[in-house]
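Residue numbers (the numbering used here): 311 to 577. Glycine included, every Cβ here is placed at the ideal spot set by N, Cα and C. Only a predicted model underlies this, so the values are computations on that prediction, with no experimental measurement involved. First the structure, in the form of structure tokens, and then the observations on it.
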Amino acid sequence: MKRLISNVLMGATLCLVSASFTGCNLISALDRIYIDKWAGLVNEKVCETKVTGNTVTYGEHSYTVDGTISYDFNPGEYRQQVTASVTFTNIPSGFNEFKAVYEGLLGKSVEGTVSMVPMAMEIYARSASTGERCLGLLCKDEATVDGIVRILKSKIVPSTASGADDEYIQRYLPAALLKGANYENAYAPAEPYTVEMGPAATLPQETKMTPYGTVYYTYIFADGWDSHNRGVDIFLPKGESLYKVQGCSSCYTQCKTIFKGPWEGLK
311 MKRLISNVLM GATLCLVSAS FTGCNLISAL DRIYIDKWAG LVNEKVCETK VTGNTVTYGE
371 HSYTVDGTIS YDFNPGEYRQ QVTASVTFTN IPSGFNEFKA VYEGLLGKSV EGTVSMVPMA
431 MEIYARSAST GERCLGLLCK DEATVDGIVR ILKSKIVPST ASGADDEYIQ RYLPAALLKG
491 ANYENAYAPA EPYTVEMGPA ATLPQETKMT PYGTVYYTYI FADGWDSHNR GVDIFLPKGE
551 SLYKVQGCSS CYTQCKTIFK GPWEGLK
């Protein structure tokens with residue numbers, strides 16, 4: 311306890327003497343020493359990327375797209391259903407891997423791009439700086455990234471204001487988007503990890519304002535919420551081949567609190 315208090319006071323003192331900090335206090339000094347339990351999984355090891363059909367591999371990690379999100383339906387007869395999925399062995403190890411699989415395969419389809427939302431969220435939880443780079447690559451613009459980060463910063467990282475036992479803090483939130491994960495099994499997803507998805511009731515729409523492109527409305531189907539559909543809007547800029555995330559706010563709203571036992575993390 312004495313060491314903790316000493317560290318906090320030292321952090322506060324540094325804040326007071328440094329002009330680069332504004333509004334620094336004991337709380338923010340303590341918050342900055344937080345290190346995620348799974349931070350050690352983040353690395354920027356460079357591996358060979360191979361694309362074979364609908365599968366991309368990065369070293370020993372693999373990602374496979376199965377099915378398509380089809381909008382060939384009458385909106386008046388729409389019904390929610392899984393029409394596509396992406397399975398993967400691991401969360402990308404860092405920005406290098408995230409970029410490689412995004413540009414190599416996943417970012418070239420609506421389905422693959424949707425699946426990278428929980429991946430980016432989990433990377434952010436492990437390392438905020440790395441996660442922000444991944445979100446910057448994945449998302450349509452800085453405003454989208456800022457909106458996601460603003461919520462994740464308070465939803466995933468315990469602070470002195472919240473406390474580690476605060477039910478609002480849900481480190482397992484990214485896992486809640488994966489198949490088989492629910493509050494009764496402490497959000498332990500089936501393996502290989504799978505993101506199941508389908509079209510939303512709204513048909514794709516061309517944007518009327520710049521940047522021009524087409525918006526695709528999709529759902530991730532997951533069991534972490536009473537409403538099993540989590541909306542993800544995907545944007546394809548005109549003349550480009552890589553899809554972008556335009557919005558996914560329901561993916562980081564409060565999910566059901568774990569019923570029993572600790573969350574064991576993701577690979």
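* Mapping DSSP to helix, strand and coil, what is D341? -> Confidence in D341 is poor, its pLDDT being 44 and thus under 50, which makes the residue's placement too unreliable to answer from.
* To do: Compare the C-alpha of V361 against each of L416, I544, D382 and E494 and name the closest.
  => L416
* Hey, how far is the Cα of E387 from the Cα of V555? -> 27 angstroms
* To do: State the Cα-Cα distance for the pair G441 and Q391, rounded to the nearest angstrom.
  => 30 angstroms
* Residues bridged to N539 by DSSP? -> F531
* Asked: Straight-line CA distance for T470 to E477?
  -> At T470 the pLDDT is 48, less than 50, meaning the model places this residue with poor confidence; the figure from the coordinates comes in the next sentence. Distance between the alpha carbons of T470 and E477 is about 14 angstroms.
* Asked: Does the region 493 to 505 touch the region 536 to 544, meaning 3 or more C-beta pairs lie closer than 8 angstroms?
  -> no
* For T504 and I379, believed in contact at Cβ under 8 angstroms, the rounded distance -> Between T504 and I379 the Cβ distance is about 15 angstroms, and since that is not below 8 angstroms, they are no contact.
* **Rounded straight-line distance, which links the Cα of F545 to that of M429** => 18 angstroms
* K548 versus V427 - alpha carbon distance -> 22 angstroms
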